[in-house]
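Q: First the structure, then my questions, so here it is.
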Amino acid sequence: MPSAVHPPFALEAASGATRRTFLLAPLPLAALAALAWPRNASVPDPTSGNAVPPVAVVFFDARARPVALRSVRRLVHSLPEWRALLTPPQFAVTRRAGTEFPFSGALCHEHRPGLYRCVCCGNALFLGRDKFDSGTGWPSFTAPAAPENIFERRDASLGILRAEILCSLCDAHLGHLFDDGPPPSGLRYCINSAALLFLPA
């Protein structure tokens, strides 16, 4: 039922007459499907019937280093399909915009170097070097791994205006952005552990 982590795989990218192989870290099954799709194409959204344009995301290698900016098809599933791919906590957070109880997440106290990927699609979201202890009870970061890999949306669900943070590749709800972080950015990306897959560098 939950998405499983699979062995590393190579993603080849054509660049003129040369070909380079980028070794990506182990990813969930949904991520393999997303990254195996052809480039520069749109995919029908089963929930709306509308075509979904490709999105540009930055790919990272197993050492948490950026290797390429690519235009790829977004990963789209219906809610029943997501429910089958994710654990109940993962589904509640990423597909229903739920929030973990403070200090309950498995990654709250994780501070090793590494890469935090989206649990739904494997998109690289945050780097371990940008994680800090905010004292709030949720994993907190000063910046995304790449600005292209996330996007913000207005959220007034609690009667106050907040900036919701989502994965640009699959629209997974990740958490919220606040302006009470440490220098130099002054930002705090408050993210749910259930939305993340941590891969030590």
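Each residue of the sequence shown is one higher than the one before, counting from 8 in the working numbering. Beta carbons are placed, not taken as given, at the ideal position from N, Cα and C, and that holds for glycine. Treat the numbers as computed from the prediction; the structure is a model and nothing was measured.
Hey, is the segment 142-151 in contact with the segment 185-196, meaning 3+ C-beta pairs nearer than 8 angstroms?
A: Yes, the segment 142-151 touches the segment 185-196.
Q: Quick check on the DSSP output: the alpha helix (DSSP H) that includes PRO207 runs from which residue to which?
A: No alpha helix (DSSP H) holds PRO207; the beta strand (DSSP E) holding it covers 203-207.
Q: So is SER6 buried or exposed if we call it buried at 16+ other beta carbons inside 10 Å?
A: Residue 6 lies beyond the stretch modelled for the chain, which goes from 8 to 208, so this question has no answer here.
Q: How big is the Cα-Cα spacing for PHE133 and CYS177?
A: Distance between the alpha carbons of PHE133 and CYS177: 16 angstroms.
Q: Using alpha carbons as the reference points, say which of ARG169, ALA202 and ASP187 lies closest to GLU159.
A: Among ARG169, ALA202 and ASP187, the Cα nearest to that of GLU159 is on ARG169.
Q: Does chain B have any CB closer than 8 angstroms to the CB of GLY112?
A: Within the model displayed, chain B is absent; a lone protein chain is all it includes.
Q: So, at 6 angstroms on beta carbons, what are the nonlocal neighbours of TYR123 in its own chain, with the 5 sequence-adjacent residues on each side left out?
A: LEU132, PHE133, LEU203 and PHE205.
Q: Classify SER141 as buried or exposed, calling it buried when 16 or more other Cβ atoms lie within 10 Å of its own Cβ.
A: Result: buried.
Q: So is THR28 buried or exposed if we call it buried at 16+ other beta carbons inside 10 Å?
A: Because THR28 carries a pLDDT of 28, less than 50, the predicted location of this residue cannot be relied on, and the following value inherits that uncertainty. That one is exposed.
Q: Just the C-alpha distance for ARG80 and LEU181, rounded to the nearest angstrom, thanks.
A: Going by the C-alpha atoms only, they are around 20 angstroms apart.
Q: Do the CB positions of VAL83 and VAL62 come within less than 8 angstroms of each other?
A: No.
Q: Under DSSP, the alpha helix (DSSP H) around GLU88 begins and ends at which residues?
A: 86-92 is the span of the alpha helix (DSSP H), which, as asked, contains GLU88.
Q: Taking the straight line between their C-alpha atoms, what separation do you get for GLY129 and GLY166?
A: Straight-line Cα distance between these residues: approximately 32 angstroms.
Q: Report the option in PRO189, ALA179 and LEU184 whose CA atom is closest to the CA atom of ARG103.
A: Of the candidates PRO189, ALA179 and LEU184, the one whose C-alpha sits nearest the C-alpha of ARG103 is ALA179.
Q: Please state if the CB of ALA208 and the CB of PRO120 are separated by a distance shorter than 8 angstroms.
A: Yes, they are a contact pair.
Q: Between the C-alpha atoms of GLN97 and ALA150, what's the straight-line distance to the nearest angstrom?
A: Near 22 angstroms, if we compare the C-alpha coordinates of ALA150 and GLN97.
Q: So what's ALA152 in DSSP terms, helix, strand or just coil?
A: ALA152 falls in the coil class under three-state DSSP.
Q: Taking a contact to mean a Cβ-Cβ separation below 8 angstroms, would you say CYS115 touches SER200 in this structure?
A: Their beta carbons are under 8 angstroms apart, which means CYS115 touches SER200 by this criterion.
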